[in-house]
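Novice: Per our numbering, the very first residue in the sequence shown carries number 2; after that it's consecutive. Every residue, glycine too, gets a C-beta built ideally from N, C-alpha and C.
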Amino acid sequence: MLLSIYEVKPGMKLEQAVSMPDSDKILLNAGATLTANNIDKIRSLGILDIHIADMYSVFVSPDDKISQALEDDFLHILATLCPEHPSANMNDDIVKVAKKLKTLIKKISKLSEILPFLFEMKITSNLYLYQHSLYTAVLSGLVAGCMKLTTEEIVYTIAGALLHNIGLCEMPMLIGSENLSGQQLELYKEHPTYGYYFAIQKNIPRGIADCIHAHHEKWNGSGYPRGISGEEIPITARIVGMCSSYSAKITYKNTPRYMAVEELYGTSGIYYDPDVVNTFIENIPVYPLGEVVRLSTQEVGIVSNIRKNKGPRPLVKVYYNRVNRPITEDRIIDLGTERTIFIEEIL
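#1: Counting only beta-carbon atoms, is I155 nearer than 7 angstroms to chain D?
#2: Is the distance from the Cβ of T125 to the Cβ of C170 below 7 angstroms?
#3: With a threshold of 16 other CB atoms inside 10 Å of the CB of K123, please say whether the residue is buried or exposed.
#4: Any idea what DSSP makes of H133, helix, strand or coil?
#5: If you reduce the DSSP assignment to three classes, tell me which class K250 lands in.
#6: Along the beta strand (DSSP E) that carries I234, what are the first and last residues, could you check?
#7: By the DSSP assignment, the alpha helix (DSSP H) with Y198 in it spans what residues?
#8: At what residues does the beta strand (DSSP E) containing D50 begin and finish?
#9: Flag this pair as touching only if the segment 86 to 104 and the segment 195 to 203 have three or more C-beta atom pairs under 8 angstroms; answer yes or no.
#10: Less than 7 angstroms separating the beta-carbons of L290 and I307?
#11: Counting Cβ pairs, one atom from each stretch, are 3 or more of them under 8 angstroms apart for the segment 302 to 320 and the segment 271 to 289?
#12: Run through DSSP, which three-state label would T34 get?
#13: How is the beta strand (DSSP E) around S68 delimited, first residue to last?
#14: Confirm, please, whether the CB-CB distance from C212 to G161 is below 7 angstroms.
#15: Would you kindly check if the distance between the Cβ of I333 and the Cβ of L316 is under 7 angstroms?
#16: Return the Cβ separation of E346 and V278 in integer angstroms, given the expectation that the two are a contact with Cβ distance under 8 angstroms.
#17: How many Å lie between D25 and S113 at the Cα?
#18: For K149, count neighbouring C-beta atoms within 10 Å of its own C-beta (all shown protein chains included) and say buried if the count is 16 or more, exposed if not.
#19: Which stretch, first to last residue, makes up the alpha helix (DSSP H) that contains Y259?
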């Protein structure tokens, strides 16, 4: 509501920002709580009326919302992949890395330069942009930590993963499309470059921008947009590119996880840095401990051990038979030895 400056009292909140007379410069932002000094300053500038908020109004900016959502969502995914109990993880090192990421995400989620981009991604496509980028960021942070990158490089890797597809916000009609025409494909291949320049324009650190620019480059030089290869590709982008590919397969392409991992094995040294692939396989659980899964035998069980075997072949304790009836005997299947059985889906 609009009030005379002489009716305004300390403690009231602004409904609309107050600007300097004859200028676009903001004196006080919407949601600011007025003080006696603020009120005197406004009066001295000759401003006679200001918009005051109802006492029940809540002022939360998009940046505030996405900042809290980012931290909460990141920690939720991290807790699923790396539970706090050491024995629930692939090894002891990953526990230390996860602990470090918990600290870093609190800082990353407060970076004002990246928050507007994340909000734009969420409202453009929650699944294909925000959720996919978030999962990619957790995976990438874990891999970067396990590869013993510096703290700065880990931050750049996580932030680069969060923003790696920001260029797609300029071409929303292509998001999620499976069969692109030749012209559409050429446009799609420009999204890393779009994202790079968006980042540079907003003064995002060059290391993050370079990660965004190179996340579709391939180890053998067959990627885009520049066709660089091997160690010409920043290590941050090598990690994000591989983790993004894996995330896309399991989050919205519905590829069984064991097949997604087999594809990583098959393209190691071709599309992806072998060190990055090996680090991923050795440390990241494909099927986290405690997940309810359906086997290719159609039996249903719970992942009971992820340390014995690497990759997509954990131990599974079976609770239901192939016709969904509870079984009475103890039955644990070691997928490391039962090579003809695999996990078909997570329930």
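Specialist: A quick look at the data gives this:
#1: The question asks about chain D, but that chain is absent: this structure has only one protein chain.
#2: Yes, the pair counts as a contact, with Cβ atoms nearer than the cut-off.
#3: By the 10 Å Cβ count, K123 comes out buried.
#4: The three-state secondary structure of H133, taken from DSSP, is helix.
#5: Helix.
#6: First-last for I234: undefined, no H or E at that position.
#7: Note, Y198: alpha helix (DSSP H), H192 to Q202.
#8: Counting along the chain, the unbroken beta strand (DSSP E) around D50 starts and ends at D50 to H52.
#9: No contact exists between the segment 86 to 104 and the segment 195 to 203.
#10: Taking 7 angstroms as the Cβ cut-off, L290 and I307 qualify as a contacting pair.
#11: These segments touch.
#12: In the structure shown, T34 sits in a strand (DSSP, three-state: E or B).
#13: That residue, S68, is in no beta strand (DSSP E); its alpha helix (DSSP H) goes P63 to L82.
#14: The answer is yes: Cβ separation under 7 angstroms.
#15: In this structure, L316 places its C-beta atom within 7 angstroms of the C-beta atom of I333.
#16: About 24 angstroms; that fails the 8 angstroms criterion.
#17: For D25 and S113, the distance between alpha carbons rounds to 21 angstroms.
#18: With fewer than 16 Cβ atoms within 10 Å of its Cβ, K149 is classed as exposed.
#19: Where Y259 is concerned, the enclosing alpha helix (DSSP H) stretches over R258 to T268.
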